[in-house]
Each structure stands twice: as C-alpha cells, then as structure tokens.
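Read top to bottom, the protein sequences are chains A and B.
As numbered in my numbering, the first sequence has no gaps in its residue numbers, which increase by one up to the final residue, 506.
As numbered in my numbering, the second sequence has no gaps in its residue numbers, which increase by one up to the final residue, 391.
Even for Gly, the Cβ is constructed at its ideal location relative to N, Cα and C.
Only one structure is covered here, and it is reproduced in the block below.
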Amino acid sequence: METLGYLAQGFAVALTWDKLMWSFVGVSVGTAVGVLPGLGPALTIALLLPLTYQVDAASVFMLFAGIYYGAMYGGSTASILLNTPGETASIVTALEGNKMARKGRAGAALATAAIGSFVAGTIGTIGLTFLAVPVVDFALRFGPPEYFALMVVAFATVSAVLGTSVMRGFTSLGVGIFLGLIGIDLQTGQSRFTFGVEELLDGINVIIVAVGLFAVGETLYLAAYKELRRIDTIAVKDSIWMSAADWSRSWKPWLRGALIGFPIGAMPAGGAEIPTFLSYWLEKRLCKHKGEFGHGAIEGVAGPEAANNASAAGVLVPMLAFGLPTSATAAIMLSAFQSYGITPGPQLLTDQPQLVWSLIASLYIGNVMLLILNLPLVGIWVQILKIPQSMLYGAILVFATIGTYGISRSVVDLILLYIMGAMGFAMRRFDFPTAPVIIGMILGPLAEQEFRRAMTISQGDLTIFVTRPLSLTLLSVAAIAILAPPLWRMTNMSRAR
Amino acid sequence: MPSRRELLVAGLGSAALGLGLGGAGAQTEPLPKLNVMVPSGPGGGWDQTARTMELAMRTDRLVRDYRVEHVLGAGGAIGLTRFLATRKGKGDEMLVAGMVMLGALAANKSPAKLTNATPIARLTGEFEVIAVPANSPLKSMRDLVAMFNADPGKVSWVGGSAGGSDHILAGMIAKAVGGDARRVAYVAYAGSGQALASLLGGQTTCGVSGWGEFGEQIKAGKLHPLALSSDVRQPGIDVPTLKEQGIDVELFNWRGVFAAPGITPAQRAALVRLIERMVKGPSWQAELKKKDWTDIYLAGDAFGKYVSDETARITHVVAELGLTK
C-alpha cells in the first residue's frame with residue numbers, strides 16, 4: 010500500500026503546530042468568505058497569492074486548501090439563515106434550508122449541513138487519495154456529446170422545483186435560460202442581449218440573480234405586506250440540535266450526495282452546481298415525506314450539501330492527478346504552484362510527492378477542523394434569527410448589497426441586484442417559483458455550449474448523441490427520469506380502476 | 067521611507083513585501099508612487115505581470131508605494147476604457163495589457179483603442195504550441211495541413227475563447243496554408259484545463275494553447291507537439307517552428323505596460339526609464355527564470371510602432387475569422 014505510506018508522510022508534514030496554524034487560519038477565513046455572497050474562494054486565494062513570495066509552499070497550500078473547504082461550509086450558513094447563497098453550489102441549500110430556519114429548525118439544518126459536509130468531504134478526500142487516476146481516465150472519455158447528455162439529465166431535476174403550476178415553472182426556467190445567454194458567446198465571440206452595455210459582456214453573475222431573487226425579493230415582499238410581519242421573531246424550537254428522526258433522515262442523503270458529487274466534480278466540465286441539483290431531485294423522489302419538500306425537508310439540505318462538498322474534493326482530482334485546472338480555484342492554485350517554480354502536470358504526483366500528499370493530508374485535517382469549528386457555531390448562528398424581523402431583513406439587504414458590490418465593484422451589478430429583487434417580488438406576488446430561474450441560468454448556457462461544441466466536432470451531425478455509448482446511456486437515464494413518474498402514475502391509476 | 071499609513075493602505079501582499087524595504091541602498095531616489103491597473107481578475111496573466119513587477123520594483127527599491135487595481139471585464143475592454151477616461155495626463159499611472167486585449171477589442175467592436183494609451187514597454191511573451199494527442203495519426207504540421215485542406219470540417223481545433231490568441235493563431239495558420247479562416251472548426255473553452263482535457267481525451271483533433279499550459283503534458287508524453295508559433299527555435303524545447311515547416315506565421319502572446327494618455331514627454335521618459343531599470347535588475351530576471359517567461363523587452367517608440375502594427379494585424383485576422391460582422 011504505497012499510497013498509505015505517502016499519506017502517512019503527508020500527515021507527518023501537516024501535523025506540526027505551524028502547519029496546523031496555517032490550516033486553521035485557512036478554514037476560518039474560508040468560512041467567513043463562504044458566508045459573504047460575492048467573495049468566493051477563487052478570488053480570496055488570488056488575493057493571497059503574493060504570500061507565495063514569503064512563505065514556504067506546504068504552508069501556503071495548507072492555507073489555500075483550508076480556504077477552499079471552509080468556503081464550502083460557510084456557503085451553506087448564509088443560505089440557510091439569510092437566504093443569501095454565498096456561492097453557486099449553495100443555492101440549492103437555500104431552498105429547503107431557509108424554509109427550515111423559518112420554521113425554527115435552523116439548528117438542525119445547520120447541523121445536518123455541517124455534518125453532511127464533513128462526511129461527504131471525507132468520502133471525497135478518500136476518493137481523491139485512492140481513486141484519482143482511474144477517475145480522471147474515465148472522466149476524459151466525456152466529450153461534448155456526453156456533457157450535453159449530462160446537462161439533459163440535470164434538466165430533469167427542474168421537475169423537483171416547478172411548484173404547483175407547470176406553466177409557471179417553465180416560464181421561470183425560460184427566464185433563467187435567457188438571463189444565462191446574456192454576454193459574449195464563447196464559441197463565436199459575439200455579444201448577445203447586451204444592448205451595448207460593456208459590463209454585461211461577461212454575462213450576469215448567477216450569485217447576483219440568486220441573492221436578488223431570494224433575499225432582496227423576499228425583503229421587498231415582507232415590506233409590502235404588513236400582515237406577514239406580525240410574527241416579530243422566529244421561535245427557535247426547544248432543541249437546536251438534530252433529533253433522532255433528523256439523523257435517520259439525513260445519513261442516506263449524505264452518502265448519496267457524496268456519491269453523486271465526487272465523480273461529477275472530478276469531471277473536467279462537471280462543476281459543483283449540477284451534483285446539487287441532481288441530489289435535490291433524487292432526495293425529493295426518494296423521500297417518504299414528499300409533502301415536506303418546499304416547506305423545509307431536511308433531506309433537501311443534507312443531500313445537496315454533501316454533494317457540494319464531495320464535488321469540491323472531486324475538483325482537485327484532475328488538478329493533482331493530471332495537472333488540469335478545471336475550475337477557477339484550481340487554476341489559481343496552479344499559478345501558486347508556478348510561483349514556487351513547480352509547473353503542475355501529469356508528473357506532479359511523482360515530482361512533488363511531499364507537497365501533494367501534505368496538501369491531501371491537510372484536506373482531511375481541514376475537514377475535521379471545520380466540523381469542530383462549525384458545530385459550536387450553530388448555537389451562535391441561530392441567535393441571529395432572534396433579531397426582530399424588520400431589522401434582520403434590513404440587515405440582509407445591506408449584507409446583500411455590500412456582497413454584490415464586492416464581486417466586481419461595479420454599479421451595474423448593484424442595479425442588476427435590485428432589478429432581480431423587483432423581479433423576485435413580482436414572482437412571489439404572482440406565485441411563480443424562483444428556483445427554476447437559477448437552474449435555467451446555470452444549465453442553459455452549459456447545455457448550449459456543449460451542444461454547439463458537439464456540432465462543431467461532428468460537422469452538424471445530430472446522430473453523434475446516440476452513436477456514442479456513454480452519451481446514449483445518459484440520454485436514456487434522462488428519458489427514464491422524465492417519463493417514468495407519469496407512466497408509473499398512469500399504470501397505478503388503471504390498476505386502481 | 068513610506069509613512070505608516072501608506073504601508074497600511076498598500077494592501078495585504080504589498081504590506082508584507084513593504085517590510086523588506088530597509089534593504090541595500092539604491093543609486094537613485096525611488097519613485098514615490100505607482101498605480102497599476104490590471105484589466106482582468108486576480109490570478110490571470112496580466113495580474114501575475116503586475117504582481118511580479120511589484121515584487122521586482124520593491125526589492126530593487128524602484129518605487130515606494132505600488133498599488134494594483136483590478137478593473138475586469140470584456141477581455142480587458144472595460145479596464146482600458148476606464149484607464150483612458152480617468153487617468154489622462156497622470157504620470158504615475160500604468161496599465162498592463164497585451165495581445166489578447168487587441169483580439170477582444172476587435173471582436174467586441176469596442177470604441178476604446180489601445181493605441182490611445184501611451185506605450186511604455188513590452189515585457190514578456192509566451193509563444194503558442196499546436197499539439198495533438200500522443201496516439202494521434204498526425205505526426206507533423208504537414209499531416210495536419212493535408213487533413214485540413216482535404217476537408218476543413220474534419221479538423222476540430224480546441225483552445226481558449228473565440229477571438230483569443232489560440233483562435234487567432236488557428237485562423238492565421240488556415241489562411242497561410244491557403245484555406246479559409248472562417249472554416250476553422252474551432253471548439254472554445256473558457257479555461258485551459260477543460261480545453262486540455264478535451265484534447266487528452268481525444269475528443270478534438272488538435273489543440274492550440276500557450277506553451278505554459280501544454281508544456282508539462284508534452285514533456286510527460288501525453289501530447290505530441292507539432293509546431294511552435296515563435297520566430298526561432300526555443301532553447302531546451304525540441305519542437306520546430308511553424309516557419310521551419312513552411313507556414314509563414316509567427317505569434318507571441320505578448321504582455322506589456324502602458325501609461326496614461328496625454329502625459330508629457332518627460333513623464334513618459336521617466337516611466338520608460340523606471341521599467342528599463344526594473345527589467346535590467348536582478349529581481350525581475352530571477353522571476354522570469356522561475357516563471358519560465360520569455361523576455362521580449364522592447365521599449366519606447368519601437369514598442370509604440372509594434373503596438374500599432376499588431377493592432378492592425380490582429381484586427382485583420384479577427385475580421386477574417388468572421389468575428390467582426
């Protein structure tokens with residue numbers, strides 16, 4: 010077991026006081042960064058790059074790994090408590106998590122997110138330790154047709170958030186896809202729907218839309234309808250901790266989330282959002298308490314949060330195994346490697362075993378630290394909800410505005426935030442679901458780009474999607490996911506007759 | 067010495083570096099202040115150029131207060147527009163820019179022109195490489211060109227975003243071999259890692275990228291290099307240039323610094339001198355070696371002429387790629 014030997018050496022480097030200190034600073038900064046909407050781990054690490062001139066490589070990577078994992082934990086906190094997702098992978102967490110918080114169950118939601126993150130983060134890190142090379146070898150077989158098919162599977166998840174009216178749900182989805190198309194088209198360099206506004210050329214940040222629709226929209230809604238404000242504070246239920254029922258409803262979603270998140274995260278074009286959508290959809294399908302979904306089902310927090318953290322470990326797989334920076338954070342970590350004169354490539358593991366294995370060891374340590382850091386914080390975080398609602402929502406508005414301005418210090422972004430807020434208000438008023446907007450905005454452009462890449466490669470031949478086994482399999486899965494539930498219902502009905 | 071406040075506002079990284087200021091004496095009084103605008107996000111090539119300049123200027127004691135500001139968006143067009151509009155006549159302002167910006171400005175039909183900024187110096191460049199997966203039947207540029215000329219649609223080229231340096235090079239090659247740049251079947255990815263993954267997985271025929279992104283995969287034998295876009299062979303890299311293989315194309319993804327429009331000749335001369343001292347200093351040279359950047363220093367009027375030639379050339383290629391319709 011060569012791997013275990015290397016891992017032990019990695020721990021030997023990482024388990025010294027000064028290295029633990031770097032890791033602790035990293036997870037603390039990361040948690041804070043994750044809580045703030047706008048400032049993500051990639052930007053934070055980029056801002057800290059000058060540290061590479063001063064500090065040794067192992068310490069810097071302990072710090073960066075801590076920030077990276079910490080941000081994944083912190084993102085869920087703001088989603089659950091304030092309905093302001095700090096990063097894209099936490100958007101799904103807000104759906105059920107914030108509903109739980111409003112029912113006085115913030116403690117349980119935060120705890121299942123933290124423990125689920127720990128469980129899935131550890132599973133993901135174990136996957137990274139032992140399965141990195143075979144996973145990447147498999148992931149490289151995914152070309153544009155396969156990714157397009159995967160996006161089609163992910164689109165099936167929209168059925169979980171459509172709400173009561175399919176028509177309204179699809180309208181929201183269409184709005185989201187449209188918002189996603191704004192900006193320069195990657196394949197042709199042409200700008201679309203920017204109306205001459207240069208700030209729109211890079212597209213609209215999905216975080217701004219999510220915070221606008223969820224947090225600002227809701228604040229405006231509460232401000233407009235006085236009767237909703239009668240309950241001044243949210244009563245925190247007697248126990249802030251998870252009950253036995255919560256545990257038994259959480260552990261399977263954690264494991265399933267981890268199994269979805271890790272492989273998709275490891276795919277070069279997989280990303281962290283798709284696993285959270287898939288997990289949410291799966292948990293809603295499998296849940297015995299379906300009626301609770303949309304009103305604060307704990308499975309809807311446990312699964313997506315686990316998927317999010319496992320995919321965070323997955324994202325590091327192509328970087329460490331093959332030197333492929335497939336996400337913004339990985340790309341910036343690679344430039345940190347370069348500051349030390351190390352050019353990451355397929356030889357990284359063999360050339361720099363000590364550095365890579367101490368980085369992997371620090372991921373295990375960071376996960377434990379985050380759990381220790383976050384569980385006691387649950388008790389403190391829930392106190393936030395004791396703030397009278399009028400003040401709390403005022404604070405959310407300030408918080409959302411500052412976070413948005415922090416993304417690019419652009420006034421255009423602030424205007425967009427409030428346009429989205431007004432839209433969120435109108436959607437709530439006329440009973441349109443907001444989550445499909447986000448799903449459409451993330452998946453629409455991804456599916457479009459992959460479809461067009463596939464068309465470029467196949468010279469416009471549509472059969473490319475069904476002649477490749479992997480792509481055909483995925484499309485079949487999507488067809489089953491979409492068609493099976495209505496067919497099932499029909500056969501049940503005819504049997505009942 | 068800088069005041070305490072100056073050190074505090076200089077930002078986290080700068081403050082850490084600023085502590086090293088008490089080092090060896092310099093021959094000339096350092097410049098009191100330099101503000102550098104980076105028209106892209108932290109961590110990218112322009113940011114790294116600005117940060118490396120900071121490191122070199124501080125350790126060699128060329129400036130006292132060095133600040134970096136990021137104004138990102140639209141391939142640098144937003145930063146350039148703001149730089150031209152708000153820094154007029156200021157002698158302590160600089161902008162990092164490069165070849166990629168020229169392509170973006172042309173493709174976006176942006177009204178801002180890089181030639182309106184005052185050119186100071188070209189600093190570094192990265193040449194591009196054309197590579198195929200190791201198991202590809204294509205062994206040389208001749209094989210690739212033959213395949214392309216037989217049926218351009220069959221050759222899929224993978225690289226960065228449309229209108230970027232990779233796409234521009236693909237278009238230049240297509241044109242040089244008598245083809246139509248518009249018929250290049252170009253598959254664009256936003257990040258180098260995803261483009262690389264698509265090539266390693268054999269999803270696309272060939273890839274175009276900076277040597278920095280492909281080099282390690284080539285050294286590990288996972289990719290087979292066909293040609294470099296440099297003017298001459300590069301030391302330590304056993305790959306022929308395009309010119310050697312009869313394709314008259316040369317492309318450097320250069321990066322340089324510009325000063326504000328409307329500065330006086332004296333202000334301009336001072337900045338040219340500052341950059342010259344930095345480039346010739348030990349710190350900058352050491353960093354170049356560490357980062358494997360090619361030194362293509364070119365200053366003053368010669369650089370000015372280079373920028374206007376490049377602007378014309380790149381704008382023309384982008385139009386031929388069909389991106390300026």
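On the premise that residue j lies in contact with residue i, defined as a C-beta separation below 8 Å, what is that separation, rounded to the nearest angstrom?
i	j	result
A163(B)	L146(B)	7 Å
I89(A)	N107(A)	6 Å
P140(B)	G229(B)	Looking at the sequence shown, residue 140(B) is not Pro but Ala. The Cβ separation is near 11 Å, so there is no contact.
G276(B)	E192(B)	5 Å
L292(B)	V198(B)	6 Å
R130(B)	P98(B)	5 Å
G312(A)	R265(A)	6 Å
G130(A)	N383(A)	Contact flag wrong, Cβ pair sits at about 12 Å.
S258(B)	L317(B)	That belief does not hold up - the Cβ atoms of S258(B) and L317(B) are roughly 17 Å apart, past 8 Å.
Assign residue i to one of three DSSP states: helix, strand, or coil.
i	result
G403(A)	helix
L24(A)	coil
Y363(B)	strand
E316(B)	coil
R201(A)	strand
W260(A)	helix
I193(A)	strand
E376(B)	helix
E135(B)	strand
Q356(A)	coil
T335(A)	coil
I216(A)	helix
F193(B)	strand
G250(A)	Per the sequence shown, residue 250(A) should be read as Trp rather than Gly. Here W250(A) sits in coil by DSSP.
S174(A)	coil
G86(B)	Only weak support is given to the placement of G86(B): the predicted model assigns it a pLDDT of 38, under 50, and the value that follows is read from those uncertain coordinates. DSSP places G86(B) in helix when its eight states are reduced to three.
S394(B)	Outside the shown range of chain B (67 to 391) lies residue 394(B), about which nothing can therefore be said.
With 16 as the cutoff for other CB atoms within 10 Å, does residue i come out buried or exposed?
i	result
V253(B)	buried
L307(B)	Before going on, a small fix: residue 307(B) reads as Thr here, not Leu. The residue is buried, with at least 16 neighbouring Cβ atoms inside 10 Å.
S467(A)	buried
V224(B)	buried
I489(A)	exposed
M103(B)	buried
M207(B)	buried
P353(A)	buried
W359(B)	buried
V326(A)	buried
A319(A)	buried
W290(A)	buried
S374(B)	exposed
Y234(A)	exposed
L60(A)	buried
A17(A)	exposed
K297(A)	exposed
W390(A)	buried
G14(A)	exposed
P331(B)	exposed
K241(B)	buried
Report the residue from the options whose alpha carbon sits nearest the alpha carbon of residue i.
i	options	result
T115(B)	R321(B), R153(B), L337(B) and Y372(B)	R321(B)
A305(A)	D255(A), L343(A) and G226(A)	At residue 305(A) the sequence reads Gly, which differs from the Ala that was named. Cα-wise, what sits closest to G305(A) is D255(A).
Y363(B)	I380(B), A261(B), R208(B) and M344(B)	M344(B)
I217(A)	Y78(A), S344(A) and S419(A)	S419(A)
V145(A)	V383(B), L262(B) and T125(B)	L262(B)
L387(B)	D126(B), I234(B) and P105(B)	I234(B)
T228(A)	A23(A), W366(A), S399(A) and F33(A)	S399(A)
Q356(A)	M378(A), L329(A) and A337(A)	L329(A)
R437(A)	V34(A), R177(A) and G83(A)	R177(A)
L210(B)	L180(B), S227(B), T377(B) and T271(B)	T271(B)
G370(B)	L180(B), D361(B) and L121(B)	L180(B)
S181(A)	V170(A), I191(A) and L190(A)	V170(A)
T195(A)	A200(B), Y255(B) and I144(B)	A small fix is needed here, since residue 195(A) is Leu in this sequence, not Thr. Per the Cα distances, Y255(B).
A118(A)	I132(A), A148(A) and S85(A)	S85(A)
Next on the checklist: Quick check for students: name the residue ranges of the alpha helix (DSSP H) that lie wholly in the segment 96–126 of chain B, counting only runs of 4 or more.
Outcome noted: Counting whole runs of 4 or more residues, the segment 96–126 of chain B contains the alpha helix (DSSP H) stretches 111–125.
Next on the checklist: As an exercise, report each continuous alpha helix (DSSP H) stretch of at least 4 residues that is fully enclosed by the segment 428–489 of chain A, in chain order.
Outcome noted: For the segment 428–489 of chain A, the full-length alpha helix (DSSP H) segments reaching 4 residues or more read 444–467 and 473–476 along the chain.
Checklist entry - Considering only residues of the segment 227–309 of chain B, which uninterrupted beta strand (DSSP E) runs meet the minimum length of 3 residues and lie entirely inside it, listed in chain order? => result Along the segment 227–309 of chain B, the beta strand (DSSP E) occurs as fully enclosed runs of 3 or more residues at 251–254, 272–276 and 289–294, listed in sequence order.
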